[in-house]
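Residues in the sequence shown are numbered consecutively from 1, following UniProt numbering.
For glycine and all other residues, C-beta sits at the position ideal for the given N, C-alpha and C.
Below is one structure, written out as structure tokens; the observations come after it.
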Amino acid sequence: MRNVSQLPPDLLECLAIWAWRALAPKSIHHLPAPPSSFSCLQSSTLPSLPARYSLRGRLYSLRAEILSSRTQRHVCSSSRLGTLSYSTSSPKTISDTTSEPPPKATSNSTNPTETENSEQKPRPPYTFLTGYALFAKRTPRPFPPPFLSPPSGSFSDPLSTHDRARPKLVNGELIRGKTNGDDAVYASPRFICANDGVGAWSTRPRGHAGLWSRLILHFWACAIDEDVARQRKEGGCFREPHPTAYLQHAYEETVRVTGESDWQGTTTACGALLHWKKADISKEEGREEAAEGSSIVMKNGTAVAPLLYVTQLGDSQVMVVRPSEKKFVFKTKEQWHWFDCPKQLGTNSPDTPATDAVIDEVPIREGDVVLAMSDGVIDNLWSHEIVECVSDSVARWAAGEGRIGRKEADITDGGMTFVAHELVDRAKQIALDPFAESPFMEHAIEEGLPSAGGKLDDISVVAALCTRNQ
């Protein structure tokens with residue numbers, strides 16, 4: 001066998017790196033320095049090598065490359081949409097499945113990751129803790145191309161599950177939110193919405209209302225996050241929302257991406273954006289808010305209170321319930337062209353966000369529950385029934401119901417999921433009862449149309465608790 005000093009430098013370097021990687025600990029974050037026995041490879045017995053052949057330099061370069069690669073994968077994984085979490089430290093957003101691969105990190109991504117590092121950027125004073133529940137009257141139609149990833153590589157996968165197994169993509173990234181029949185819902189610490197696709201499009205060859213409702217939602221959330229990132233970059237704080245502009249942008253983008261393949265459909269839209277306003281504690285109302293814990297005094301001495309920007313187009317609904325007083329403090333009003341024909345965004349519809357969307361600024365308090373609901377709820381439950389259900393669910397959760405294996409009763413830890421499920425179950429009971437009295441039946445009779453029982457429809461609820469950002 002040759003003397004080690006006679007081996008070519010390239011081969012010598014490869015052997016050393018292979019040996020070190022094979023013997024190193026599993027955790028790349030705790031790689032030791034190259035063993036001292038390697039120093040013989042750089043001894044005076046070897047010819048002088050260029051810097052790129054330095055064993056120690058190559059080893060540490062390799063370690064840095066691996067660490068960088070793992071860090072990038074970690075960032076991508078943390079920026080992907082996970083399932084709902086109800087931790088007060090890091091609330092998540094809704095997505096279809098946790099098995100979806102993370103999107104590629106690109107500089108022009110429409111899904112910017114917003115960091116909540118209080119040392120680098122100011123954090124908003126209030127946040128949403130969210131939960132959702134869904135009931136579909138029929139199985140959702142698979143999304144058409146080009147809004148799907150490449151097909152599965154396994155021939156053993158049943159074709160009927162490909163639409164569920166593959167991530168849905170638009171502009172190279174995962175489509176936000178979750179589909180429920182023709183409905184689509186979304187929840188984040190700042191924004192919730194529920195869009196109701198018009199199911200009649202399912203009879204058209206190229207009709208796909210579920211795609212329209214989901215894409216409007218996706219671009220709506222992207223527009224908000226992009227504006228937040230821009231304002232923070234310019235002024236250090238998200239100060240001025242533009243609700244109409246966000247939905248108008250979402251509508252225009254959806255028209256663009258669906259027009260390329262002529263996928264047709266329409267959808268209603270309703271959403272609530274959590275913000276804040278200055279609270280004048282010198283006034284009587286301000287003192288009342290401060291006493292109830294609804295205002296926060298910032299570091300600069302300014303008192304702020306939560307403010308909700310509600311956007312409505314169509315017959316879905318946003319409602320703000322105050323469980324402590326068992327009442328609702330706000331709800332949107334349905335927009336119809338005529339009975340059972342709501343205003344809607346999409347193919348052949350004259351409605352646009354710029355001309356038809358209604359924007360409301362709603363002062364709320366900590367502890368208020370904000371609901372974004374499709375018409376499957378409000379067509380089957382009256383407002384007082386919704387308030388009763390939400391208030392009762394909050395009280396039952398606080399008493400420990402549904403909290404398997406948990407001792408402490410905390411509404412911020414999964415309570416909104418419980419509230420949303422109870423509301424969907426209540427609406428579902430009426431929808432499936434042919435002898436029930438429902439708001440839809442009452443409205444139909446007022447219009448001179450025969451109707452009885454509840455209305456079977458997709459039922460979607462997103463519940464969000466307004467709470468102080470810890």
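query: C-beta atoms of Pro306 and Glu240 nearer than 8 Å; result: no
query: Cβ shell of Ala136 (< 7 Å), same chain only, five flanking positions each side left out; result: Asn180, Gly181 and Asp458
query: Coarse secondary structure for Phe440, derived from DSSP in three states; result: helix
query: Residue nearest to Asp356 in terms of C-alpha spacing, selected from Cys270, Arg138 and Thr130; result: Cys270
query: Glu361: first and last residue of the uninterrupted beta strand (DSSP E) it sits in; result: Val358 to Pro363
query: 8 Å Cβ shell around Ala64 - same chain, five flanking residues per side excluded; result: With a pLDDT of 49 at Ala64, under the threshold of 50, the modelled position of that residue is not reliable, and no figure is offered here.
query: N-terminal and C-terminal residue of the beta strand (DSSP E) that His275 is part of; result: Thr266 to Lys278
query: Runs of beta strand (DSSP E) lying entirely within the stretch 302-327, each at least 3 residues, in chain order; result: 303-313 and 317-322
query: Ile445 classed as buried or exposed, judged by whether at least 16 other C-beta atoms fall within 10 angstroms; result: exposed
query: Beta-carbon proximity of Val462 to Ala420, cut-off 8 Å; result: yes
query: Rounded straight-line distance, which links the Cα of His218 to that of Ile175; result: 6 Å
query: Beta-carbon proximity check, Ala184 vs Arg141, cutoff 8 Å; result: no
query: Contacting residues, own chain, Cβ-Cβ under 7 Å from Arg206 (five flanking each side not counted); result: Asp262, Trp263 and Gln264
query: Cβ separation of Trp336 and Asp315, assumed to be a contact under 8 Å, to the nearest whole Å; result: 7 Å
query: Per DSSP, the bridge partner or partners of Phe143; result: Phe143 pairs with nothing; no bridge assigned.
query: Chain C within 8 Å of Phe440, Cβ atoms only; result: Among the protein chains of the structure shown there is no chain C, as only one such chain exists.
query: Check whether Val369 and Val321 have beta carbons under 8 Å apart; result: yes
query: Rounded separation between Leu247 and Gly414 - CA only; result: 29 Å
query: Classification of Cys341 by the beta-carbon crowding that lies within 10 angstroms, buried from 16 upward; result: exposed
query: Rounded straight-line distance, which links the Cα of Thr267 to that of Ala345; result: The sequence shown places Leu at residue 345, not Ala. Roughly 5 Å separates the two Cα atoms.
query: Own chain residues within Cβ distance below 8 Å of Trp382, not counting five before or after; result: Pro439
query: DSSP three-state assignment for Arg199, whether helix, strand or coil; result: A small fix is needed here, since residue 199 is Gly in this sequence, not Arg. In the structure shown, Gly199 sits in a helix (DSSP, three-state: H, G or I).
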